[in-house]
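I have placed the structure first, in the form of C-alpha cells, so that the comments after it can refer back to it.
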Amino acid sequence: TGVVCATCLFPDSCSFVTRVKMLPLALLTVTGIMVLLPSDAGALKAGDCEVCISFLSRFYQSLKERKVEFKPDIVEKELLKTCNDARGKENRLCYYIGATSDAATKITNEVSKPLSNHIPPEKICEKLKKKDGQICELKYDKQIDLSTVDLKKLKVKELKKILDDWGESCKGCAEKSDFIRKINELMPKYAPNAANARTDL
Numbered sequence: 001t002g003v004v005c006a007t008c009l010f011p012d013s014c015s016f017v018t019r020v021k022m023l024p025l026a027l028l029t030v031t032g033i034m035v036l037l038p039s040d041a042g043a044l045k046a047g048d049c050e051v052c053i054s055f056l057s058r059f060y061q062s063l064k065e066r067k068v069e070f071k072p073d074i075v076e077k078e079l080l081k082t083c084n085d086a087r088g089k090e091n092r093l094c095y096y097i098g099a100t101s102d103a104a105t106k107i108t109n110e111v112s113k114p115l116s117n118h119i120p121p122e123k124i125c126e127k128l129k130k131k132d133g134q135i136c137e138l139k140y141d142k143q144i145d146l147s148t149v150d151l152k153k154l155k156v157k158e159l160k161k162i163l164d165d166w167g168e169s170c171k172g173c174a175e176k177s178d179f180i181r182k183i184n185e186l187m188p189k190y191a192p193n194a195a196n197a198r199t200d201l
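Residue numbers are given in UniProt numbering: position 3 of the sequence shown equals residue 3, and the series is strictly consecutive.
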C-alpha cells in the first residue's frame, strides 16, 4: 500500500512523525520551566528605594556597632527609637512603615523580622515596595554644600530646610539675616567640616 511504500522508502519517517507529535509536549515543558524560573519584574532598578535602603543600611550598621541583640522585638524597639529622631524624607519613610505615633498602618514587623535575620536592606525594601509603592518613591532632596554655598543667595525656604534637617528651628526669626545667623551659629555643631572650610564664620 501507499503507507507501506512510504515506510519502506523513508525508513526514518516514523521517527520524524514521532518527533512532530512530541513537539507540543516539548514546548509545554519549556514553557513550564520558564514559568518556574524566578522573574526579575519586581527587582529594584538603579535609584529605586534610595531613602529606604540608605536608612535601613545605616540602622543595621548601628545595631551591629552597638552590639544590639538581633531579635525581632528588640530590633523593632530600636527602630522606633531611631524613627523618633528621623527628619525629612526618612521621617516620612518611618510614617509609611508605621514607626511613628501618627502612622495610619503598621508594618514594622516587615522590617524588624527580616533585619533580625540579617536580610539585606535592599531585599527588605524590595518587599516593602510591593506593600506600599510610596516607600520606594521617596528620594532625598538635593543636598546643599554648606562649605561653599553663599547663604545670602538662598531662599528663606531653603534656609528653613537646613535648620529643619538639623532638627532645629529659628524662633522669632523674621528677616532672612536672622536665619543665616542661626545657621552660622549651629553649623559647627551639625556640619563641623563645612564650618571649618568656611572663612566667613
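Built from N, CA and C at the ideal position, the CB exists for glycine as well.
Quiz item: Anyone know if the C-beta pair for residue 56 and residue 124 falls short of 8 Å?
Solution: yes
Exercise. Please confirm whether residue 138 and residue 87 have their CB atoms less than 8 Å apart.
Key: no
Self-check item: DSSP state of residue 98 mapped onto helix, strand, coil
Solution: coil
Practice problem: Scan the UniProt domain "ARMET N-terminal" (48-144) and note each continuous alpha helix (DSSP H) run of 4 residues or more that stays entirely inside, going in chain order. | Solution: 50-65, 72-84, 88-96, 109-116 and 121-131
Practice problem: Specify the secondary structure class of residue 33 as computed by DSSP and reduced to three states. | Solution: Low confidence applies to residue 33: its pLDDT is 45, below 50, so where it sits in the model is not reliable, and the reading given next is rough at best. Three-state result, residue 33: helix.
Quiz item: Are the region 132-151 and the region 56-65 touching by the rule of at least three beta carbon pairs closer than 8 Å?
Solution: no
Quiz item: If you draw a straight line from the alpha carbon of residue 180 to that of residue 45, how long is it in whole angstroms?
Solution: 39 Å
Quiz item: Quick one: is residue 114 buried, meaning 16 or more other Cβ sit within 10 Å of its Cβ, or exposed?
Solution: buried
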